[in-house]
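FYI, in our numbering the residues of the sequence shown are 383 to 442. From the three backbone atoms N, C-alpha and C, an ideal C-beta is built for every residue, glycine too.
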Amino acid sequence: MPDPTPHFRDAAEVERIANGEHGDPFSVLGAHACPESGEWIVRAMRPGAEQLWILLDDGR
383 MPDPTPHFRD AAEVERIANG EHGDPFSVLG AHACPESGEW IVRAMRPGAE
433 QLWILLDDGR
């Protein structure tokens with residue numbers, strides 16, 4: 383089974399994003415291609431959200 387958290391960022395980097403101290407938060411957040419698998423990883427930070435949706439161009 384593949385690792386469900388590829389390219390997981392360390393806690394310090396997540397903390398910098400949460401505190402508004404990260405110099406380039408979109409290098410972590412958003413959609414990024416995973417070089418090992420060719421699949422996409424989408425990271426979002428939405429404090430208080432109960433759920434998030436990702437809508438693809440094809441309507442899925």
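message: Could you tell me the alpha carbon to alpha carbon distance between N401 and A394, rounded to whole angstroms?
response: Along the sequence shown, one-based indexing puts residue 401 at 19. Along the sequence shown, one-based indexing puts residue 394 at 12. Rounded to whole angstroms, N401 to A394 spans 10 angstroms at the Cα level.
query: Which of helix, strand or coil does DSSP assign to V396?
result: By one-based count along the sequence shown, residue 396 stands at place 14. DSSP, reduced to helix, strand and coil, places V396 within a helical segment of the structure shown.
message: Just to confirm the assignment, what range does the beta strand (DSSP E) spanning G412 have?
response: Looking up residue 412 in the sequence shown gives position 30. Per DSSP, G412 belongs to the beta strand (DSSP E) from G412 to A415.
query: Would you say V396 and A413 are within 7 angstroms of each other, going by their C-beta atoms?
result: Indexing the sequence shown from 1 puts residue 396 at position 14. Indexing the sequence shown from 1 puts residue 413 at position 31. Result no, Cβ atoms of V396 and A413 do not sit closer than 7 angstroms.
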